[in-house]
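The structure appears below as structure tokens.
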Amino acid sequence: METHCAFEYSLIIKNIGKIESLETWNNNLVVSLNNGSLIQYQVDQISKNFEFQATEIKRIQKFTKKGITQMSIVQPKNILIALFDSTVQLFNLKTMKPLNILCSKKALIFSYNKRKTLCIGLKTKLLIFKWKNNTFQKTIDVPITAVPKTLEWFKATKICIGFKKEYILMNLRDNSNKQLFALGKNSQPISTKISDEEILLGKEKICIFQDPYGKAPRAYGITWVDSPKNIFYFQPYVLGMFSQDIRVRTLNTKRLVQNIEIPETISFCYGENENIRFGYTFNKEGIWRLNEIPLLVQVDMLCSEANYEEALQLCQLVDTLDTVNKKEKFNTIKIDYAFYLFNKRKFVQAMEYFHEVGCDPRIVLSLFPSLVPPVVSQGFSIPTIKIKKLDENEQLEAIFGLIDYLQQTRNSPNIKTKQNSLEILKVIDTTLIRSYIQTNISYVTPFLRLPNYCDLEECEKLFVERELKSELIELYKTNEKHEKSLILIGKESKKSGDITTFVEYLCLLGKEHLELIFEYSKKLYQINPNQCLKVFIYEKNDKEEFMENQISSRGLPRMTVKKFIQENLPNLIIPYLEYVIFQKKDSTQDFHNDLLLFYYEQIQYLEDLLKNTLSDKKKINKLQITKNKIIEKINIFAKNSKYYLPQKMLDSFPKNRFYEERAIFLSRVGKYEMALDIYVNKLNDLGKAENYCIEHYHKDGKTQNIFSLYIKKLLSNNNNKYKYKNKDNTTENINDNDNTRLTNYIINIINEHYTKINPLDVIKLLPKKLNLSNILDYLILIIQKTTEVKRRCQITKNLEKSDNLNLKSKISKKGKRQFYIDQNVLCMGCGKRIGNSIIGIFPNGVYAHMSCIQNKYVCPKTNENFSDYSENFY
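Quick note: the sequence shown uses our numbering, first residue 405, plus one each step.
See the structure below:
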């Protein structure tokens, strides 16, 4: 079935006799008759309706004996190549005077290509010629095994030869050949050249494509109803010559384009003049001219017949349009083709063409009135194409195709370069939301979490109508409408009794929304204070699943948050400060001061509760446990923190309580004696007092006499009763008026810590009535220590003296070695004179400048290594 009309044809020359061959150039036509005559015509167009007139301008009788069987024109050189009487000869194209004879006998066929290479086929060989010095010069002879019927060039080094039974590919560089395929019994070889990389070979009813490597470059061939007599390539068509007519097929789609009713043709020549392409053929009636209908006209014809694929392929060949207009033509065809495919229910292919063209998405959206308000696509529809109404299943399938198209379009880098790009993106994203709702609603929320341009009012209305609350919350969140989100979440939480989502949303808000966090955390505090704390302590790097979609960097200002919590959420101030200090390692002084003071306030609060709770023993016990825990926290924090102000704590904590904590604060301000006095005279705990001395003793610091101070306080008569923990962890009480037990304790102290106490201080502090035998162990320890120190000093002195003597001995030995160097001695490293420079002398007697010695153990002359040499050598 014909698709359109590619050629118009007419008989332009009648009754001139039997024609052997013809050839054309520009508007000239050369015809050879079987009687040997040669006629030259000038062919001119005489009307706009493709009517032509041939005027004879030259006739040469008996130009050859029997007529020219094959002709070819080398137009730039004005040369005619003619094959007649088994001879190949050159003629001047203007004068038709004979020139060189290239082959004088047995020539059967020739083939000329645009690379100025000529091949003449004989029965047993091929003659190869190259144009040089204004003539064809023979380069090589190539032997062949059969009579050549067809010759087709691949570039300048390979040629395809058609024999009676087969086709072969000949490589002219090494005379190698490769069989392509065999022919049938009733088949004659026919061929035509497509390009330098491709030819078409006939085999019965099929034509097969071949490349220069002996392979089929296409997965298909061209199939005819019966076997053609000959084939010719007229881009983009293949012309098949048959007894009844000439059949025109496309090269790529293989469709039958046209039947040209010219019977009994076998030859064809191609011509081009002023961008007009044409051809000539002949039969018994005379010579026929085939005029190509302009490609643009053919394109429009194909479009009118909805043959868009062919139209697109033809449009690529149009060279009468500039680049911009050609692209516009392409896009117009593709858009029409896309609408055509849409009507054929090929939605995916249609959307691919829409995307390829890059047309305004509102043109595509005009196909979906149920998804897009008419006002959006108004003025962007295609009125010339009537779109058939889709049923429910077709509508769903079309929407799936639309989703893919919209996703590709919104991600295209070109979309933001268009005018009104934001408006287009808003339409695209809003339509995507509508499409997801109709196809797969689970895609809505993930899409909203991405950067998008959804129309807030349209989507809000859509979600409210369909009661899509989680999607509505996500919409508010991505559009910074957090208060609307919180109101909606609050209502849902109130219905379900679950505040998890409410807390999670507040945790998503960053410092940019601090006022909103404060406002809604008050409401949350009334419901669940513990959950409220989470709002303030969540940080972005916490690995919690629901925090993956962070709205902004968290970074809540801690000082501002602390002030708000202190004023509005008092029960959360201690947990918040503990989180900031202990987990986030915040060293802000105010935080550390406040935590200690809030601990103290908490104890006061608990003590007030204990006073008012006298009958409920369980509650009293519970409150007491809580109080003790806080006191323990104060003690630990006071010891470990380095950032609070101890003087401020001394002023804030009462003097008649928190003795141990006050001792810590006093130590921080350097009042070690007052701190020790608290352990001895307030807490009466000798174990803690002793530990305090151990912890704070420094040999060269302010506390080097702390043990002496401790002993002095124990011996002062204050009528105290001390607690003391033995090594077996049993507690023992010691009264200061119990001289024996107290004295024994003091003696144990000086014996255990004798290295940290000045002996003179001990002797002055101990009671005069104390027997010397009581401190005998202490004195022995002191004497041993003194003796050991003296002995160690003596040993060190003797060792240093020995080293000094050894050094003097070595120096003396070195001093006795003599080396004689005069001004003529040369450096073994660089070869220059030693002169007055510093030198090094190796054990093998080699001299060298110090600057020439790269390794002090390696001789620069012999490379001998002296690293194991027992003595220093320079």
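Positions of the beta carbon are idealized from the N, C-alpha and C atoms, including for glycine. Note that this is a predicted model, so its numbers are computed, not measured.
So the alpha helix (DSSP H) residue i belongs to, where does it begin and stop?
| i | result |
| --- | --- |
| Ser1112 | 1110-1119 |
| Gly566 | Premise fails: Gly566 lies in the beta strand (DSSP E), 562-566, not in any alpha helix (DSSP H). |
| Val728 | 727-747 |
| Thr992 | Looking at the DSSP string, Thr992 is not in any alpha helix (DSSP H), and its letter there is neither H nor E. |
| Gly1233 | Looking at the DSSP string, Gly1233 is not in any alpha helix (DSSP H), and its letter there is neither H nor E. |
| Leu494 | Taken as a continuous stretch (DSSP letters only), Leu494 belongs to no alpha helix (DSSP H), being part of the beta strand (DSSP E) at 491-496. |
| Met705 | 699-708 |
| Ser631 | Taken as a continuous stretch (DSSP letters only), Ser631 belongs to no alpha helix (DSSP H), as it is neither H nor E. |
| Thr964 | 962-972 |
| Phe867 | 860-870 |
| Ala486 | That residue, Ala486, is in no alpha helix (DSSP H); its beta strand (DSSP E) goes 483-488. |
| Gly805 | 796-815 |
| Gly894 | 886-900 |
Within 10 angstroms of the Cβ of residue i, are there 16 or more other Cβ atoms? Answer buried if so, exposed if not.
| i | result |
| --- | --- |
| Gln465 | exposed |
| Leu437 | buried |
| Glu1011 | exposed |
| Thr1107 | buried |
| Gln493 | buried |
| Leu1203 | exposed |
| Gln954 | In this prediction, Gln954 has a pLDDT of 49, which is less than 50 and means its spatial position is unreliable; nothing more can be read from the coordinates. |
| Ser846 | exposed |
| Tyr712 | buried |
| Pro765 | buried |
| Glu949 | Annotation note: pLDDT 42 at Glu949 (below 50); position unreliable, no value reported. |
| Ser359 | A question about residue 359 goes unanswered here, because the residues of the chain that appear run from 405 up to 1278. |
| Val728 | exposed |
| Cys1234 | exposed |
| Cys1263 | buried |
If distances are taken between C-alpha atoms only, which option among the options comes closest to residue i?
| i | options | result |
| --- | --- | --- |
| Gly959 | Asp1104, Lys915, Val965, Leu937 | Lys915 |
| Asp1226 | Thr473, Ile1238, Lys926 | Ile1238 |
| Ile1038 | Arg1066, Lys790, Gln474 | Arg1066 |
| Val447 | Phe1041, Glu427, Gly440, Asn439 | Glu427 |
| Ile680 | Asn695, Cys673, Ile691 | Asn695 |
| Ala1252 | Thr669, Glu1268, Leu1230, Phe1270 | Leu1230 |
| Ala395 | Asp723, Leu721, Val703 | Absent from the model: residue 395. The displayed extent of the chain is 405 to 1278, so no value can be given. |
| Ile1082 | Val1073, Glu1099, Asn997, Arg1061 | Arg1061 |
| Pro387 | Leu860, Leu836, Glu861 | No answer is possible for residue 387: it lies beyond the span of the chain, which begins at 405 and ends at 1278. |
State the beta-bridge partners of residue i as determined by DSSP.
| i | result |
| --- | --- |
| Tyr571 | Gly566, Phe585 |
| Thr849 | Partner(s): none; Thr849 has no beta bridge. |
| Trp557 | Ile563 |
| Asp545 | Leu531 |
| Val831 | According to DSSP, which records beta bridges pairwise, Val831 is partnered with nothing at all. |
| Pro502 | Phe495 |
| Gln662 | Val652 |
| Gly675 | Phe682 |
So does residue i have its beta carbon nearer than 7 Å to some heavy atom of the ligand ADP?
| i | result |
| --- | --- |
| Cys564 | With respect to the ligand ADP, the structure offers nothing, as it holds no ligand at all. |
Between which two residues does the beta strand (DSSP E) holding residue i run?
| i | result |
| --- | --- |
| Glu760 | No beta strand (DSSP E) holds Glu760; the alpha helix (DSSP H) holding it covers 751-761. |
| Ala1252 | 1251-1253 |
| Tyr445 | 442-451 |
| Asn934 | No beta strand (DSSP E) contains Asn934, which is instead part of the alpha helix (DSSP H) from 933-941. |
| Ala1067 | No beta strand (DSSP E) holds Ala1067; the alpha helix (DSSP H) holding it covers 1063-1072. |
| Arg958 | Arg958 -> no beta strand (DSSP E), and no H or E assigned at all. |
| Phe514 | 513-517 |
| Leu1018 | First-last for Leu1018: undefined, no H or E at that position. |
| Glu412 | 411-418 |
| Val478 | 474-478 |
| Ser1056 | Ser1056 -> not in any beta strand (DSSP E); alpha helix (DSSP H) instead, spanning 1050-1056. |
| Phe456 | 455-464 |
| Ile603 | 602-607 |
| Ile1167 | Premise fails: Ile1167 lies in the alpha helix (DSSP H), 1163-1169, not in any beta strand (DSSP E). |
| Arg766 | No beta strand (DSSP E) holds Arg766; the alpha helix (DSSP H) holding it covers 765-769. |
| Leu522 | 521-525 |
Is it the case that the stretch 862-872 contacts the stretch 795-804, given that we only count it when at least three CB pairs across the two stretches are under 8 Å?
Contact between the stretch 795-804 and the stretch 862-872 is absent: fewer than three C-beta pairs spanning the two stretches fall below 8 Å.
Taking 8 Å as the threshold, find out whether the stretch 448-464 comes into contact with the stretch 478-491 through three or more Cβ pairs.
No: the two stretches stay apart, fewer than three of their Cβ pairs being nearer than 8 Å.
Would you say the stretch 507-514 touches the stretch 547-564, given that touching needs at least three Cβ pairs under 8 Å?
Contact check between the stretch 507-514 and the stretch 547-564: three or more CB pairs, one atom from each, fall below 8 Å, which counts as touching.
Would you say the stretch 567-586 touches the stretch 599-616, given that touching needs at least three Cβ pairs under 8 Å?
In short, these stretches touch, since the Cβ pair count reaches three.
Determine, using beta-carbon pairs with one atom in the stretch 666-674 and one in the stretch 639-647, whether at least three such pairs fall under 8 Å.
These segments touch.
Can at least three beta-carbon pairs, one atom from the stretch 847-863 and one from the stretch 871-889, be found at a separation below 8 Å?
Verdict: yes, contact present.
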